[in-house]
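Contents: one structure, followed by commentary.
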Amino acid sequence: MSEHLLFLTGKLAEKRLHQILEEIQPTEFTYTVHQLGITVAALMTADMILRRLKDTFGADRVIVPGRCRGDLDALSTALGISFTRGPDELKDLPNFFGRKAIIPDLSQYKIKIFAEITDAPMMSIETVLQQAANYKKNGADIIDIGCLPDTPFPHLEETVQALKQQGYIISIDSLDPDDLLRGSRAGADYMLSLNEETLWVIEKAGSIPILIPHPHGDLDALDRTIEGLLTRGCDDFILDPILDPIHFGLVDSISRYREVRHRHPEAEMLMGVGNLTELTHADTMGMNALLLGLCSELEINAILTTQVSKHARQAVREANLVRRIMYAAKNSDSLPKHIDNGLMALHETNPFPDELNEIQELASQIRDPSYRIQVSSEGLHIFNRDGFHTATDPFDLFPKLGVENDGSHAFYLGVQLGRAQIAHQLGKRFVQDEPLNWGCAVEKKPENLNQQKKAGSTLKKPKPKTSE
247 MSEHLLFLTG
257 KLAEKRLHQI
267 LEEIQPTEFT
277 YTVHQLGITV
287 AALMTADMIL
297 RRLKDTFGAD
307 RVIVPGRCRG
317 DLDALSTALG
327 ISFTRGPDEL
337 KDLPNFFGRK
347 AIIPDLSQYK
357 IKIFAEITDA
367 PMMSIETVLQ
377 QAANYKKNGA
387 DIIDIGCLPD
397 TPFPHLEETV
407 QALKQQGYII
417 SIDSLDPDDL
427 LRGSRAGADY
437 MLSLNEETLW
447 VIEKAGSIPI
457 LIPHPHGDLD
467 ALDRTIEGLL
477 TRGCDDFILD
487 PILDPIHFGL
497 VDSISRYREV
507 RHRHPEAEML
517 MGVGNLTELT
527 HADTMGMNAL
537 LLGLCSELEI
547 NAILTTQVSK
557 HARQAVREAN
567 LVRRIMYAAK
577 NSDSLPKHID
587 NGLMALHETN
597 PFPDELNEIQ
607 ELASQIRDPS
617 YRIQVSSEGL
627 HIFNRDGFHT
637 ATDPFDLFPK
647 LGVENDGSHA
657 FYLGVQLGRA
667 QIAHQLGKRF
677 VQDEPLNWGC
687 AVEKKPENLN
697 QQKKAGSTLK
707 KPKPKTSE
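In terms of our numbering, the sequence shown is numbered consecutively and its last residue is 714.
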């Protein structure tokens with residue numbers, strides 16, 4: 247007879263736990279999932295279980311979250327049933343039962359990326375095509391041709407047509423109705439942006455309009471714009487309440503998006519995230535994660551992003567990964583964590599998998615002169631058969647390594663220890679002979695990584711030290 251397991255969980259994890267258990271079927275056990283009336287499963291304690299668990303549902307054993315605190319042996323004695331801690335994270339549950347880990351599907355997304363070429367009037371058509379190709383490679387769905395105020399754009403039509411000939415979906419971006427008309431007639435699929443005073447453009451253009459409130463922030467004016475568009479027989483449009491920068495109305499603008507979604511539950515919406523990523527000198531990866539998380543909650547299925555500022559030069563690539571993670575999380579009714587590590591460029595969830603005593607135990611078994619390098623929370627550790635050395639600064643280690651007259655090996659150890667120091671300082675995983683993982687902040691080139699590994703493996707190893 248198969249074992250019957252009772253899985254205790256919280257509200258946030260309940261649906262995802264059901265999904266994982268269904269995905270690993272068939273199993274050698276039957277199961278019941280019981281939500282214990284708390285929001286976060288990790289906050290569960292043995293005392294809480296004792297107070298709240300009134301029925302064990304005929305189970306032979308109870309599985310509690312790995313972070314559950316308290317004496318499970320005492321709990322087992324009190325309730326007359328065996329309690330076992332499961333893994334800390336739900337994603338590791340298949341491994342806990344000897345199954346392969348379930349890899350989240352990141353092939354799907356809902357949010358479309360409009361990637362703006364902001365200085366198109368100042369660029370040649372060839373340069374525009376090059377930037378469009380880069381945007382598309384990094385995940386852009388629509389190439390947005392930005393027009394500049396009081397700046398002639400004589401080759402606007404040729405630019406749009408050249409992009410269309412190469413299969414791009416195009417939006418024309420201007421507050422000048424003449425630019426919008428020219429771009430639309432040349433074949434642009436979308437036009438940004440129309441308001442209550444420029445609705446007449448739609449009668450002469452065939453592009454899908456993005457509507458903004460005018461005056462800025464006036465949602466009643468936006469409603470009138472929608473009504474004016476509908477009376478003209480156009481029901482295909484996108485709403486953009488406009489995201490404002492920090493200290494210039496950010497909080498109020500986020501509230502506007504929520505209000506517009508409340509007023510127009512089924513309408514397509516767009517958020518211009520560049521007002522935050524471009525105008526805040528901070529790493530854009532976290533900003534993109536938060537902003538696209540808001541989009542996911544509010545069913546905003548389009549963003550407009552830019553890569554003008556040097557610190558925002560990977561904004562499209564970041565948004566591409568974020569939208570896939572948010573879709574996977576929402577589709578599984580789970581938090582956007584442990585789905586993909588590509589958004590954690592500076593830190594990692596488990597940077598130091600080995601404790602110092604474990605590294606020392608490994609070092610005691612080494613019988614050759616080649617140096618191994620590992621990192622723990624205590625610092626950098628370099629060791630071979632002749633010694634074990636620990637420091638937080640690689641310069642403190644150099645005098646102990648005996649490579650003063652071995653330039654190639656000194657260079658190799660310098661590179662590896664430099665990486666190890668960065669990993670220790672930031673809380674990143676270090677693996678000797680492997681480059682540090684910077685997530686989607688750095689484009690991965692497998693051929694280069696293989697070359698680096700090969701080069702590292704051919705560098706000379708240290709000669710055995712002679713005892714004095």
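Note that CB positions come from ideal geometry on N, CA and C, so glycine has one too.
Start and end residues, alpha helix (DSSP H) containing residue i
i           : result
residue 268 : 257-269
residue 569 : 561-577
residue 594 : First-last for residue 594: undefined, no H or E at that position.
residue 419 : Here residue 419 belongs to no alpha helix (DSSP H); instead the beta strand (DSSP E) covers 415-419.
residue 621 : Residue 621 -> not in any alpha helix (DSSP H); beta strand (DSSP E) instead, spanning 618-622.
residue 635 : Element bounds for residue 635: not the alpha helix (DSSP H) but the beta strand (DSSP E), 633-637.
residue 402 : 402-411
residue 340 : 339-342
residue 295 : 292-298
residue 526 : Segment: none, residue 526 is in no alpha helix (DSSP H) and carries neither H nor E.
residue 667 : 653-672
residue 460 : No alpha helix (DSSP H) contains residue 460, which DSSP labels as neither H nor E.
residue 641 : 640-643
Whole-number beta carbon distance between residue j and residue i, since they are thought to touch under 8 Å
i           : j           : result
residue 292 : residue 317 : 6 Å
residue 626 : residue 637 : 6 Å
residue 262 : residue 579 : 6 Å
residue 424 : residue 574 : The pair is not a contact, with the Cβ atoms about 43 Å apart (cut-off 8 Å).
residue 426 : residue 447 : 5 Å
residue 254 : residue 295 : 7 Å
Endpoints, beta strand (DSSP E) assigned at residue i
i           : result
residue 285 : From DSSP, residue 285 is part of no beta strand (DSSP E); its letter is neither H nor E.
residue 630 : 625-630
residue 390 : 388-392
residue 369 : Element bounds for residue 369: n/a, residue is neither H nor E.
residue 439 : 436-440
Beta-bridge pairing of residue i - partner residues as DSSP gives them
i           : result
residue 308 : 252, 329
residue 227 : Within the shown structure, residues of the chain are numbered from 247 to 714, placing residue 227 beyond reach of any answer.
residue 363 : 391
residue 531 : Answer by DSSP bridge pairing: none, since residue 531 is not bridged.
residue 515 : 485
residue 455 : 437
residue 277 : 251
residue 315 : 291
Inter-residue Cα distance where the pair is residue i and residue j
i           : j           : result
residue 358 : residue 571 : 14 Å
residue 405 : residue 440 : 21 Å
residue 609 : residue 601 : 13 Å
residue 324 : residue 658 : 58 Å
residue 360 : residue 488 : 14 Å
residue 368 : residue 536 : 33 Å
residue 715 : residue 349 : Residue 715 is absent from the structure shown; the chain starts at 247 and stops at 714.
residue 363 : residue 332 : 50 Å
residue 670 : residue 597 : 8 Å
residue 267 : residue 524 : 43 Å
residue 476 : residue 681 : 56 Å
residue 264 : residue 338 : 14 Å
residue 529 : residue 539 : 17 Å
residue 655 : residue 307 : 55 Å
residue 585 : residue 565 : 15 Å
residue 401 : residue 533 : 35 Å
residue 371 : residue 271 : 55 Å
residue 492 : residue 506 : 20 Å
residue 297 : residue 305 : 18 Å
residue 311 : residue 639 : 38 Å
residue 340 : residue 549 : 36 Å
residue 693 : residue 683 : Low local confidence applies: a pLDDT of 48 at residue 693 is under 50, so the model's placement there is unreliable, with the coordinate-based value given in what follows. If you take the alpha carbons of residue 693 and residue 683, they lie about 15 Å apart.
residue 444 : residue 459 : 11 Å
residue 679 : residue 662 : 7 Å
residue 583 : residue 382 : 27 Å
residue 356 : residue 568 : 11 Å
residue 320 : residue 635 : 43 Å
residue 289 : residue 257 : 11 Å
residue 457 : residue 391 : 17 Å
residue 442 : residue 482 : 16 Å
Three or more C-beta pairs closer than 8 Å, one from the stretch 451-467 and one from the stretch 379-387: is that the case here? Using a Cβ-Cβ distance cut-off of 8 Å, the stretch 451-467 and the stretch 379-387 are not in contact, since fewer than three pairs of beta carbons, one from each stretch, lie closer than that value.
Would you be able to state if there are at least three C-beta pairs under 8 Å between the stretch 554-568 and the stretch 609-619? The stretch 609-619 is not in contact with the stretch 554-568.
Is the stretch 326-345 close to the stretch 508-522, with three or more CB pairs under 8 Å? Verdict: no, contact absent.
Using 8 Å as the cut-off, can you tell me whether the stretch 557-569 makes contact with the stretch 489-507, which would need three or more C-beta pairs spanning the two stretches below that distance? No: fewer than three Cβ pairs fall under 8 Å.
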